[in-house]
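Each remark here refers to the structure printed beneath this line.
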Amino acid sequence: MKSSSTIRKQLLERLSELERQRTGDAANRKKPDIVIDMTKVPTISKERWESLGRDARNPAIKLRSLAVFSEG
3 MKSSSTIRKQ LLERLSELER QRTGDAANRK KPDIVIDMTK VPTISKERWE SLGRDARNPA
63 IKLRSLAVFS EG
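Following the working numbering, the numbering of the sequence shown begins with 3 at its first residue and continues without gaps.
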């Protein structure tokens, strides 16, 4: 599984490529070839999901805490 820093770097590169395409900066344009491996998707039980905190109503907050937990 790729580290979060590798995925973050790839996403930032992709975003900058899309921005260059949007602004029409042909000199810096390159072929987008970023593929993020998503074959390993973590599964979680309902109990574990709820134990992450009832205060975190936003699923993104819970997923972020899961990502940090699974890396460590």
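Glycine included, each C-beta is placed from N, C-alpha and C at the ideal position.
Give the secondary structure of residue i by DSSP, where H, G and I count as helix, E and B as strand, and everything else as coil.
{"i": "S5", "result": "coil"}
{"i": "P18", "result": "What sits at residue 18 in the sequence shown is Ser, not Pro. Three-state result, S18: helix."}
{"i": "S47", "result": "coil"}
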